[in-house]
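Below is one structure, written out as structure tokens; the observations come after it.
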Amino acid sequence: MSGAADKKPTLTIPRSAAPTTTSVEVLSAGTGAVVKKGDILLANYLGQTWAEKDCKVNVFDNSYDRGAVAGFPIGVGAVVKGWDSTLVGQKLGSRVLLTITPQDGYGVKDAQSTSELAGETLVFVVDLKDTIKGDGVAKGAVEKVPAGFPAITSESGKRPDVTSVAGVKTSATPASALLVKGTGPAIDEKKQLVLQFLQTDAKTGKQTQKTWDAGQPQVVAATSVLTLVTALKGQPVGSRAVVVTAEEASSPAQVLVVDVIGQF
Numbered sequence: 031m032s033g034a035a036d037k038k039p040t041l042t043i044p045r046s047a048a049p050t051t052t053s054v055e056v057l058s059a060g061t062g063a064v065v066k067k068g069d070i071l072l073a074n075y076l077g078q079t080w081a082e083k084d085c086k087v088n089v090f091d092n093s094y095d096r097g098a099v100a101g102f103p104i105g106v107g108a109v110v111k112g113w114d115s116t117l118v119g120q121k122l123g124s125r126v127l128l129t130i131t132p133q134d135g136y137g138v139k140d141a142q143s144t145s146e147l148a149g150e151t152l153v154f155v156v157d158l159k160d161t162i163k164g165d166g167v168a169k170g171a172v173e174k175v176p177a178g179f180p181a182i183t184s185e186s187g188k189r190p191d192v193t194s195v196a197g198v199k200t201s202a203t204p205a206s207a208l209l210v211k212g213t214g215p216a217i218d219e220k221k222q223l224v225l226q227f228l229q230t231d232a233k234t235g236k237q238t239q240k241t242w243d244a245g246q247p248q249v250v251a252a253t254s255v256l257t258l259v260t261a262l263k264g265q266p267v268g269s270r271a272v273v274v275t276a277e278e279a280s281s282p283a284q285v286l287v288v289d290v291i292g293q294f
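Take a look at the structure:
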């Protein structure tokens, strides 16, 4: 491997048989915090198959050319097993080399395979940049829930809960309101947001999803979030808002309580 830290690397893979076990090698050790299970890991990476494709080096993905770090939950099954098993426990600031078997990557190649990378041994160079704590919640000044929205338990620094949908008004367009005004930097529509949220049926009050319980916060483009939850426009990271989605014949209205716990 050649290339300076934080710059796009070049991998030279031997023509020998691919390893049969997944491994990690620390190319340069960082001094930052340890990556923990459930964190949102921010990293730059380059991925290449061990075997060439059409007699050429096969770099199948890299974040360096995109000019922006990637972010994903680590250690909770949101990425391939080989990433979860090798990156949890590493220190931020490190550059690591991963060799991942098909079993820990995209699976063995068979009739049921759907990925072009099935059956491939994968090699990654990963620069570990930062983490966002995956169990975060909104913190800041609490706003009153307006009329027409559900009854919500919403305290700074605590997970929210929808306690009643009796007063919810649905319509053909979504409606949103700010619940907690955070203290972080302003939400940037050009970035990716890290969200925790709970989802409740607007008519029955049945809770259908809660990312805190699943241990998997979501990474969503800010433009998508701000289009739906307009109350978050111009607000800081760390804010919480509620949105009642549009009532449609094929899609009943939902109540979403959204915490913006980070951006990158």
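In terms of this note's numbering, the sequence shown opens at residue 31 and continues consecutively.
For every residue, glycine included, the Cβ atom is placed at its ideal position computed from N, Cα and C.
Straight-line gap, A283 to T151 (C-alpha atoms, nearest Å) | A straight line joining the alpha-carbon of A283 with that of T151 spans about 45 Å.
**OP:** With T257 as the anchor, note down where its alpha helix (DSSP H) starts and where it stops.
**Re:** Taken as a continuous stretch (DSSP letters only), the alpha helix (DSSP H) holding T257 covers A252 to L258.
**Request:** Measure the C-alpha to C-alpha separation of I217 and V156 and round it to an integer number of angstroms.
**Result:** Rounded to the nearest angstrom, the two C-alpha atoms are 27 Å apart.
Would you mind giving the Cβ-Cβ distance between T52 and T129, rounded to the nearest angstrom? I have them listed as a contact below 8 Å. Yes, T52 and T129 are in contact; Cβ-Cβ is about 7 Å, under 8 Å.
* **Proximity winner among G245, Q226, T61 and V259, relative to S206 (alpha-carbon distances)** => Nearest option by C-alpha distance: V259.
Tell whether a beta-carbon distance below 8 Å holds between I104 and W80. For the 8 Å CB-CB criterion, I104 and W80 do not form a contact.
Practice prompt. Apply the 10 Å Cβ neighbour rule to P39 and answer buried if 16 or more other Cβ atoms are within range, or exposed otherwise.
Written response: It counts as buried.
- Query: Hey, would you say V274 sits closer than 8 Å to A232, going by beta carbons?
  - Reply: Taking the C-beta atoms as reference points, A232 is found nearer than 8 Å to V274.
Looking only at its chain, what residues have a beta carbon closer than 8 Å to the beta carbon of Q78, apart from the 5 residues adjacent to it on each side?
Contacts found: L41, I43, V87, N88, V89, F90, L152, V153 and F154.
(message) My output table needs one value for A177: the three-state DSSP class, helix, strand or coil.
(response) Coil.
- Query: Is the Cβ-Cβ distance between V272 and L209 less than 8 Å?
  - Reply: Yes. Within cutoff.
May I have the straight-line CA-CA distance separating Q265 from K37, to the nearest angstrom?
-> The straight-line gap from Cα to Cα measures roughly 33 Å.
Exposed unless 16 or more other CB atoms sit within 10 angstroms - verdict on K236: Flag for K236 reads exposed.
Distance check for W113 and K220, CA to CA, integer angstroms please.
Rounded to whole angstroms, K220 to W113 spans 27 Å at the Cα level.
If you measure between the beta carbons of G62 and G119, is that distance less than 8 Å? No, the pair does not count as a contact, with Cβ atoms beyond the cut-off.
I'd like the span of the alpha helix (DSSP H) that includes K317, first residue to last.
Lying outside 31 to 294, the shown extent of the chain, residue 317 is not represented and no answer is given.
| Expressed to the nearest angstrom, what Euclidean distance is found between the alpha-carbon atoms of P190 and K66? | So the two alpha carbons sit approximately 24 Å from each other.
Nearest-angstrom Cβ-Cβ length linking P295 and Q229, presumed shorter than 8 Å: Residue numbering for the chain in the displayed model covers 31 to 294; residue 295 lies beyond these limits and cannot be assessed.
Over what stretch of residues does the beta strand (DSSP E) that includes T238 continue unbroken?
Run containing T238: Q237 to K240, per the beta strand (DSSP E) assignment.
Rounded C-alpha distance that separates I70 from D140
Each residue's Cα considered, the two are about 32 Å apart.
- Residues bridged to A279 [DSSP beta-bridge criterion]: In DSSP, A279 forms no bridge with anything.
Please list the terminal residues of the continuous beta strand (DSSP E) segment that includes R270. R270 -> beta strand (DSSP E) spans R270 to V274.
- Message: Tell me the DSSP secondary structure of A261 in three-state form.
- Response: In this structure, A261 counts as helix in the three-state DSSP scheme.
- Message: Helix, strand or coil for Q133? Go by DSSP, reduced to three states.
- Response: Of the three classes helix, strand and coil, the one that applies to Q133 here is helix, per DSSP.
Assign R45 to one of two classes, buried (16 or more other C-beta atoms within 10 Å of its C-beta) or exposed (fewer than that). Around the beta-carbon of R45, fewer than 16 other beta-carbon atoms lie within 10 Å, marking it exposed.
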